[in-house]
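Protein chains in written order, with our numbering: chain A, 21 to 224; chain B, 21 to 224. Okay, structure first, notes after.
Number of protein chains: 2
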Amino acid sequence: MTKKGMLIVLSGPSGVGKGTVRQAMVAKYGQQFRYSISMTTRQPRPGEVDGADYYFRTKTEFEDEIAQGGMLEYAQYVGNYYGTPLRYVNQMLNEGQDVLLEIEVRGAMQVRSKVSDGVFIFLTPPDLHILQKRIEKRGTDDSATIAKRMQKAREEINLMTNYDYAVVNDQVDKAVDRIEHIIASEHLRVARVLDTYQNMLGED
Amino acid sequence: MTKKGMLIVLSGPSGVGKGTVRQAMVAKYGQQFRYSISMTTRQPRPGEVDGADYYFRTKTEFEDEIAQGGMLEYAQYVGNYYGTPLRYVNQMLNEGQDVLLEIEVRGAMQVRSKVSDGVFIFLTPPDLHILQKRIEKRGTDDSATIAKRMQKAREEINLMTNYDYAVVNDQVDKAVDRIEHIIASEHLRVARVLDTYQNMLGED
Chain A
21 MTKKGMLIVL SGPSGVGKGT VRQAMVAKYG QQFRYSISMT TRQPRPGEVD
71 GADYYFRTKT EFEDEIAQGG MLEYAQYVGN YYGTPLRYVN QMLNEGQDVL
121 LEIEVRGAMQ VRSKVSDGVF IFLTPPDLHI LQKRIEKRGT DDSATIAKRM
171 QKAREEINLM TNYDYAVVND QVDKAVDRIE HIIASEHLRV ARVLDTYQNM
221 LGED
Chain B
21 MTKKGMLIVL SGPSGVGKGT VRQAMVAKYG QQFRYSISMT TRQPRPGEVD
71 GADYYFRTKT EFEDEIAQGG MLEYAQYVGN YYGTPLRYVN QMLNEGQDVL
121 LEIEVRGAMQ VRSKVSDGVF IFLTPPDLHI LQKRIEKRGT DDSATIAKRM
171 QKAREEINLM TNYDYAVVND QVDKAVDRIE HIIASEHLRV ARVLDTYQNM
221 LGED
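As structure tokens, this is what we get:
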């Protein structure tokens with residue numbers, strides 16, 4: 021029996037740099053996991069390849085997938101569907117490969133409800149981390165700026181409660197290292213390895 | 021408010037090499053955590069220093085500590101008490117320092133019941149890991165040897181279910197690296213950092 025792979029979900033607020041961190045992870049550790057390619061109904065841009073950049077599908081095909089329960093998560097942006105096809109993810113996981121998803125927070129919550137043993141990583145903006153210092157210097161910022169920043173921070177912290185780990189994206193290479201520690205460590209969790217040990221005994 | 025430190029409990033079956041791994045961790049990463057010194061009623065050996073090697077106490081003093089709820093865990097071996105005084109552990113945790121305990125499996129279960137947010141690491145013997153190969157070669161071992169080995173493995177796997185992580189002690193430096201990944205990763209858990217983020221907002 022092949023040990024099932026681990027689903028790693030990288031998400032975070034808009035503009036936090038999810039795509040950059042994901043690209044750096046693929047460049048540095050791409051041999052250790054598979055990156056899940058999204059499905060979309062938008063037109064390919066010049067140079068984009070079906071099955072490499074995206075799975076390009078018609079609106080009807082995409083909606084058929086949804087109807088058949090074939091999407092792990094999906095959403096609509098600017099009139100087009102974007103989502104993660106369940107089939108390829110399951111195929112890679114069943115082959116024992118870890119799969120990385122880099123998706124928006126709404127999509128991540130859809131995945132959370134379906135894959136209870138996934139690893140959910142919330143990338144946080146560095147300005148959340150230095151917020152305390154800004155508040156201490158409150159006198160130097162006007163109160164409207166502070167109130168707006170506080171509101172945004174509050175929303176981001178609320179999102180964070182749905183995740184397993186919070187990783188500050190202060191520097192891309194540091195964020196990538198932190199995520200690598202998380203992945204290495206999650207592979208040692210008793211809940212994940214117990215089956216393997218029990219299989220060693222050759223018992224049910 | 022100082023962020024509270026993390027309690028790291030290193031345990032595992034007798035003879036797995038807990039002490040060696042703990043010493044290697046202290047030597048390599050000793051600046052990053054405090055090692056909890058045990059309390060005992062046994063006599064100091066030549067060269068052993070009270071408060072450095074052990075806290076040496078009389079039987080009456082030790083039993084007073086137990087009666088006052090002052091022991092995080094304790095056990096008796098060969099007529100002497102050994103245990104972890106709660107006071108020093110709490111003091112270090114409250115100062116924001118991570119604390120490492122290296123204790124027997126029975127003690128670890130006492131700690132588990134008292135410190136729900138501790139990190140519990142089970143060190144596994146490498147022969148558990150290579151058991152499958154041994155079983156595959158069953159013809160070369162006699163069946164009594166195999167049965168005994170299987171029974172020991174079964175007991176060790178049962179113990180493991182009470183822990184968060186399973187770390188194979190195949191090589192001491194590799195085991196230490198794995199534990200370091202676990203510690204780094206646990207510091208990023210949302211459940212541990214959420215307070216810090218909320219404190220940044222200066223709200224209750």
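Just so it is clear, CB atoms sit at the ideal spot from N, CA and C, and this is done for glycine as well.
By the neighbour-count definition (other C-beta atoms within 10 Å, threshold 16), residue 103 of chain A is a buried residue.
Secondary structure at residue 205 of chain A: helix, using DSSP grouped into helix, strand and coil.
Taking a beta-carbon distance threshold of 9 angstroms, residue 183 of chain A counts as an interface residue toward chain B. With respect to the 9 angstroms criterion, residue 217 of chain B and residue 177 of chain A are classified as neighbours on the basis of their beta carbons. Counting only Cβ-Cβ distances below 8 angstroms, residue 170 of chain A has contacts in chain B at 221, in chain order. Taking CB atoms only, residue 175 of chain A has no neighbour in chain B less than 9 angstroms away. The stretch 73-153 of chain B is shown to contain whole beta strand (DSSP E) runs of 3 or more residues at 91-97, 100-105, 118-122, 139-144, in chain order. Taking 9 angstroms as the CB threshold, residue 180 of chain B lines the interface with chain A. Scanning A:188, A:212, A:210, A:200 for the CA closest to the CA of residue 37 of chain A turns up A:188. For the stretch 196-220 of chain A, the set of residues with a beta-carbon nearer than 7 angstroms to any beta-carbon of chain B comprises 198, 201, 202, 204, 205, 208, 209, 210, 213, 214, 217, 218, 220, in chain order.
For residue 163 of chain B, the enclosing alpha helix (DSSP H) stretches over residues 163-180.
Annotation: the continuous alpha helix (DSSP H) that includes residue 41 of chain A extends over 38-49. In this structure, the beta-carbon distance from residue 33 of chain A to residue 125 of chain A falls below 9 angstroms.
With its beta carbon at least 9 angstroms from every one in chain B, residue 119 of chain A lies outside the interface. For residue 148 of chain B, the residues of chain A that pass the 8 angstroms Cβ criterion are 217, 220, in the order they occur in the chain. Residue 212 of chain B: member of the alpha helix (DSSP H) spanning 210-220, first to last residue. Under the DSSP assignment, residue 54 of chain A falls in the beta strand (DSSP E) whose first and last residues are 53-55. Measuring C-alpha to C-alpha distances from residue 23 of chain B to each of B:118, B:133, B:77, B:145 identifies B:118 as the nearest. By the criterion of a C-beta distance shorter than 6 angstroms, residue 190 of chain B is surrounded in its chain by 146, once the five residues flanking it on both sides are discounted.
Distance from the CA of residue 123 of chain A to the CA of residue 56 of chain B, rounded to the nearest whole angstrom, comes to 42 angstroms.
Minimum Cα-Cα distance from residue 120 of chain B among the listed residues B:205, B:41, B:213 corresponds to B:41.
Excluding its 5 nearest sequence neighbours in each direction, residue 196 of chain A has C-beta neighbours in its own chain below 7 angstroms: 41, 44, 45, 48, listed in chain order. Here residue 185 of chain A is not near residue 136 of chain B, since their CB atoms are 9 angstroms or more apart. Close partners of residue 186 of chain B in chain A (Cβ separation under 7 angstroms): 208, 210, 213.
Contacts with chain B at 9 angstroms (Cβ-Cβ) do not include residue 104 of chain A. In this structure, the beta-carbon distance from residue 27 of chain A to residue 139 of chain A falls below 9 angstroms.
With contacts defined by Cβ atoms closer than 9 angstroms, residue 131 of chain A and residue 179 of chain A do not form a contacting pair.
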